[in-house]
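Line by line, the protein sequences give chains A and B.
Start counting the first sequence at 1; every next residue gets the next number (the UniProt record's numbering).
Start counting the second sequence at 1; every next residue gets the next number (the UniProt record's numbering).
For glycine and all other residues, C-beta sits at the position ideal for the given N, C-alpha and C.
Model, not experiment: these values are computed from the prediction.
Inspection log for the structure reproduced underneath, given as structure tokens.
2 protein chains.
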Amino acid sequence: MAKVLFLPYEISAEIGKEETIIELAMRLGIHINASCGGIGACNKCKVIVESGEVLGEKIDEYYYKACSLVPKTDVVIRIPVESQVERSALLRRTRAKAFERKELLEINSPIKRLYLELSSPTIEDNTPDLERLLFALKGAGLANPDIPYALLKKLPYVLREGEFKITVSYFEDPFSQKVSLIDIESGKKEGNPIGVAMDLGTTTLQLELVDLITGETLAYTSDYNPQISYGEDVISRIEFARKKDGLKLLAERVKEKIAFLMEELVKDLEYELKDIKAFSIAGNTVMTHFFLELEPKFLREYPYVPVAKSYPVYRAGELSLPLREGVPVFLAPSVASYVGGDITAGVLASLMAKEEALTLFIDLGTNGEIVVGNKDFLMCAACSAGPAFEGGGIKCGMRATSGAIEAVNIDPITFEPMLITIGRKKPKGICGSGIISLLANLFRTGLIDKAGKFRRDLKHPRIREGEEGLEYILVFKEESATGHDIVFTENDIENLIRAKGAMFAGYQILLESVGLTLQDLERVFLAGTFGSFIDLEDAITIGLLPDLPRDKFYFLGNTSLQGAKKVLLYSEKRLELERIAQMMTHVELSNHPQYMDYYMAALFLPHTDETLFPSVKRSI
Amino acid sequence: MAKVLFLPYEISAEIGKEETIIELAMRLGIHINASCGGIGACNKCKVIVESGEVLGEKIDEYYYKACSLVPKTDVVIRIPVESQVERSALLRRTRAKAFERKELLEINSPIKRLYLELSSPTIEDNTPDLERLLFALKGAGLANPDIPYALLKKLPYVLREGEFKITVSYFEDPFSQKVSLIDIESGKKEGNPIGVAMDLGTTTLQLELVDLITGETLAYTSDYNPQISYGEDVISRIEFARKKDGLKLLAERVKEKIAFLMEELVKDLEYELKDIKAFSIAGNTVMTHFFLELEPKFLREYPYVPVAKSYPVYRAGELSLPLREGVPVFLAPSVASYVGGDITAGVLASLMAKEEALTLFIDLGTNGEIVVGNKDFLMCAACSAGPAFEGGGIKCGMRATSGAIEAVNIDPITFEPMLITIGRKKPKGICGSGIISLLANLFRTGLIDKAGKFRRDLKHPRIREGEEGLEYILVFKEESATGHDIVFTENDIENLIRAKGAMFAGYQILLESVGLTLQDLERVFLAGTFGSFIDLEDAITIGLLPDLPRDKFYFLGNTSLQGAKKVLLYSEKRLELERIAQMMTHVELSNHPQYMDYYMAALFLPHTDETLFPSVKRSI
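Pasting the structure below:
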């Protein structure tokens, strides 16, 4: 009998006679998407054969169909994220409405385009192609531009194809004023130049195709970061990168996905990949290191040193992206190992660094990054909140995909729950926003106490002793999509309280480091797509957010993507972004002498110090 | 019977039973080096199997031994230049003594090296690697350097290997003052930095390894340009480049050879390829186009437009050279399609553009390039002299390799010749310097008249009617290495007269274009290794060089290589070189209204107008 090891789950089993991989996976409870019932029609059950010999049908160079795959020897099968999760749910969620901050600024993209009619060479004037071009550029005010090698090579063809009429794309570095050519095309290009902005997230990639003249978003797409197959969080991916060619593989996989998504962005429009003239990326420090293939291990090793904070502008050709070689790739600068370009771009997009109002900027994710400040100062920190708010470390937690419970209400009398799932499907588990609601409801209804423990005196069919202590049964197995009870355990609650405690202690330390308190805050900005889905009251009830007047809170949406887009549209924004990164003082929370005290004090619902949560106190 | 096609000769034949490739080649009169008699010991009979299946022994990835090679199907066999010609002769010749012009200048290489001791990161100062480096560089006066992508990728390893002590190599662009990093190495590098200068010739590559501190040439090597296999002259190579992937192949082959020669340069010294920190190349416009993989066909097509005249500084990584990715590659600028970087570098090396003396600079080769001028002006032209002075188009002409007749004297009474061959071997043919001597002697002794025709009245065993008219038998077949008579025909003489006529008309047109005559010349500089071997009196006698006082002539040697080396050693020389290229006014001889008249007048020995050659007139 051949043995099958499933990655990334590390579950292995012997395959039965005449059993296919998808049947074995089903038997083991390993989810592989399949909408056609296993008849080989849907092509969704993609798996990668990492080692061993198989019989089966390939979908493309990388993937086999699990539904017809049979091992000939012991095999290792990797289930890619595309087969684990439904991308449609992701696309739905990330389009949520957000209060994007707008500026009254005229669009002034650093990417410019110029139409030139060069004179054709004659025997009297057989000036070489390059010098002919440089002369014309100089006439247009562009002296001594950088010429990518690939451009020089294609120059003679481009000039002659268009009878010496050309469209030149270029950008000017706002720091050095150096002009760099991006592309040269034959004839006069119609239509506006376009660029791509991307939020390079640990979990998801979100891309927008942007009109560089009107500022309009022409197309949007997103997908999971395929690096998930090699580790859900940044730490496990850094570990994976230590393997031979691991880093290279991580970089290649994400670039393949980016290429695929870019194709998707342009495909329904009258554009092609070669029309994209700039690429602006905002990602956290680790994702940016992976993307540039920079060694990430020192980020994790004491004293936690990134390879770089500000990234030089490299070209698409150097970075093996499927764009014109000369296309500049702008990467938002980081501040520290765990405060990255997604946060600097977020602060840029939020405009908080241009305004008087003292603002707390919160990006809730695996690492909750926070920034406090205004136009005069910016303090930032990463709170190691862990993945609890994304469903990680929670028994029945799951990502926010179809079938996830995203909202919960508990009747204060009957203690019966009301739930809403994504896509209105039979419930499979609970995602982040559902988890916060559930915790808040359990606390509000008194089912759990300040310490997060269930009332021991109450006999209720939904509260029972489970494997990990007491638990609340949110969905009985008869009603669940999994055939198992969906429960919420004291262990889960403890994880959540630790996570929210880390966040709250972070706010306090940051503020204290500049002699301020929560009461001084004039605004709280919630960034990230996740932020757009949580219930504000619930989040304050559990002490995840500070108890401030509700009109001080703003859901800004994906500020990382918004910031990346601003870099494409406003020449001066790259300067502003670098200035923001320079301004941001990073506080290493774990080194701060008071941090543990604040953290311990926050390990209650909503907090040990109830005066910090007056409205919660009143309502309970 | 399998058919064998030999390239580059395009001779094909059926191979006999049990016949090897070398035996077939011998039967067909195709030369393949072999010093061991075909026993498989010498490894000199290298051939490339371009198509077809064979049985045989490989020497390495590319080459088979011809002496054991048997075709299984029809095959195409390419005889590489290494097997056609003996490189040892080349190495001997190119070391000839030359009057290299020296300047009293302190060496000031644009390639600088800096030893830095960075502080090691601590938790209080975990500044990223790049920013730590940039800070230290700024402290040393180097602000905002360009960082090649490959350097950023290796930065974390290099820093930690040397405990944050590093040696940084960089260069400053003399035009923009922009500083660019070349390499970063762990610890303190001992020994001086080194660079490579190269003369990229149509026929030969000549390379020097240069100490960038002392200016000393540490090693020298040369070899044939392997592109010869695809065409002896630039025109046939441009034709070859039109084929699919032809241009790519030409670029690859020359880069492979360069890589091989660079290995050879460093191998006996305490250096490795990675120690080379700069590469300076001077080559003609076509060779430079091939090297950069720039489309060459427009150089040949009316109105003869190069892709570029001044070449941006690209990096070894971009150009796929086996050096550190960040190593800058300097290419000497061209003036026109047939006046290239070898000439601008030559003018640089000659110092003529810094001095008052009116100078005629002559580089005699396939295209005889000429420059007239001084510090105030420079006029240049390419004379289409053809390859006659290199033995091309001459019945028994050959390259200057072992067995070539390099010097000739004819007894004025007996008309018997005295000859000297390269390597003192049995004569195989006549090379350029021998051809000039022979022509001059035939003329001086009255065996030929002013028009280059043999005396019809003379009965002499060495003069006979051949296939192409009258001819002089220089070597009877009994004494020759080929088993055939070595002859010199009226046809050969006509070709030579046309070639020297083209040169002489070129001198006149160039001088006339600035209102000067030959008598105004204060100096004549003869450049090129070929120039170092010709007999001055003989060259004047045939009218190839102007009849001026002999002390006005200087043999400068390989000025192209000398110029390339100066760029490595003196920061300001790149500016000077670009200024020279700018200053040089190109005269298209074939367009000049008087050119044909001057040319026709020069089709005599030494010239129609004998007053131009007073000393020749006196001596005859």
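Inset, instruction - Pull up the CB-CB distance for Thr285(A) and Pro303(A), whole angstroms please, since I reckon it's below 8 Å. - result: With 8 Å as the limit, Thr285(A) and Pro303(A) do not qualify as a contact, their Cβ atoms being about 15 Å apart.
Legend entry - Spatial distance of Asn374(B) from Lys277(B) (CA atoms): 33 Å
Inset, instruction - Select from Asp173(A), Leu134(A), Arg132(A), Lys154(A) the residue whose C-alpha is nearest the C-alpha of Tyr570(A). - result: Asp173(A)
Inset, instruction - Compare the C-beta of Asp129(A) against all C-beta atoms of chain B and say whether one is closer than 8 Å. - result: yes
Legend entry - Separation of Ser186(B) from Asp275(B), as counted between CA atoms: 13 Å
Legend entry - Helix, strand or coil at Glu293(B) [DSSP, three-state]: coil
Legend entry - Residues near Tyr599(A) by beta carbon distance below 6 Å, same chain, minus five either side: Gly501, Ala505
Legend entry - For Leu458(A), the nearest candidate out of Glu468(A), Ala451(A), Tyr472(A), Lys450(A) (CA to CA): Tyr472(A)
Inset, instruction - Work out the CA separation of Ile540(A) and Leu518(A) for me, nearest whole Å. - result: 13 Å
Legend entry - Beta carbon proximity, Leu605(B) to chain A, threshold 8 Å: no
Inset, instruction - Compute the beta-carbon to beta-carbon distance between Phe240(A) and Tyr224(A), rounded to the nearest angstrom, for a pair I have assumed lies under 8 Å. - result: Not really, about 16 Å apart at Cβ, beyond 8 Å.
Legend entry - Whole-angstrom C-beta distance between Glu263(B) and residue 623(B), which should lie under 8 Å: The question about residue 623(B) has no answer here: the residues shown for chain B are numbered 1 through 620.
Legend entry - C-alpha gap between Ala96(A) and Ile21(A), whole angstroms: The predicted position of Ala96(A) is uncertain, since its pLDDT is 38 and thus under 50; no value can be drawn from it.
Inset, instruction - With DSSP collapsed to three states, give me the class of Lys97(B). - result: Because Lys97(B) sits at a pLDDT of 46, beneath the cut-off of 50, its placement in the model cannot be relied upon, and the point is left open.
Inset, instruction - Could you tell me if Gly16(A) is buried or exposed, where buried requires 16 or more neighbouring beta carbons within 10 angstroms of its beta carbon? - result: exposed
Inset, instruction - Could you list the residues in the segment 130-151 of chain B with a C-beta less than 7 Å from some C-beta on chain A, going in chain order? - result: Leu130, Glu131, Asn144, Ile147, Tyr149
Legend entry - Classification of Ile228(A) by the beta-carbon crowding that lies within 10 angstroms, buried from 16 upward: buried
Inset, instruction - Take every Cβ of the segment 278-297 of chain A, pair it with every Cβ of the segment 181-200 of chain A, and state whether three or more of those distances are shorter than 8 Å. - result: yes
Inset, instruction - Please check if any C-beta of chain B sits within less than 8 Å of the C-beta of Ala308(A). - result: yes
Inset, instruction - Inspect the beta-carbon positions of Ile111(A) and Leu265(A) and report whether they are closer than 8 Å. - result: no
Inset, instruction - Within its chain, find whatever has a CB closer than 6 Å to the CB of Phe533(B); leave out the 5 residues flanking it on each side and keep chain order. - result: Ser433
Legend entry - Minimum C-alpha distance to Lys477(B) - residue among Gly469(B), Thr167(B), Val487(B): Val487(B)
Legend entry - Cβ-Cβ separation, Val76(A) to Tyr63(A) (assumed contact under 8 Å), whole Å: Actually they do not touch by this definition, with Cβ atoms about 15 Å apart.
Inset, instruction - Return helix, strand or coil for Lys243(A), following the three-state DSSP convention. - result: coil
Legend entry - Short CB-CB distance (under 8 Å) between Pro312(A) and chain B: yes
Inset, instruction - Using a cut-off of 9 Å between C-beta atoms, extract the partners of Lys153(A) located in chain B. - result: Leu292, Glu293, Leu294, Glu295, Val307
Legend entry - Extent of the continuous alpha helix (DSSP H) to which Met198(B) belongs: That residue, Met198(B), is in no alpha helix (DSSP H); its beta strand (DSSP E) goes 194-200.
Legend entry - Among Phe525(A), His484(A), Glu256(A), Arg618(A), nearest to Glu61(A) - alpha-carbon criterion: Glu256(A)
Inset, instruction - Note down, in chain order, every chain A residue with its Cβ under 7 Å from the Cβ of Glu318(B). - result: Tyr149
Inset, instruction - Taking Tyr472(A) as part of the beta strand (DSSP E), name the residues at either end of that continuous run. - result: 469-475
Legend entry - Buried versus exposed call for Glu416(B) [16 or more other C-beta atoms within 10 Å across all chains shown]: exposed
Legend entry - Under the three-state DSSP convention, the category Gly37(A) falls into: Note that Gly37(A) has pLDDT 46, beneath the 50 cutoff, so the model's placement of it is unreliable and the number below is only indicative. In this structure, Gly37(A) counts as coil in the three-state DSSP scheme.
Inset, instruction - Could you confirm whether any beta carbon from chain B is found closer than 8 Å to the beta carbon of Asn284(A)? - result: no
Legend entry - Pairwise C-alpha distance: Thr366(B) and Ala308(A): 53 Å
Legend entry - CB contact below 8 Å: Tyr595(B) versus chain A: no
Inset, instruction - Kindly indicate if chain A contains any beta-carbon less than 8 Å away from that of Ile258(B). - result: no
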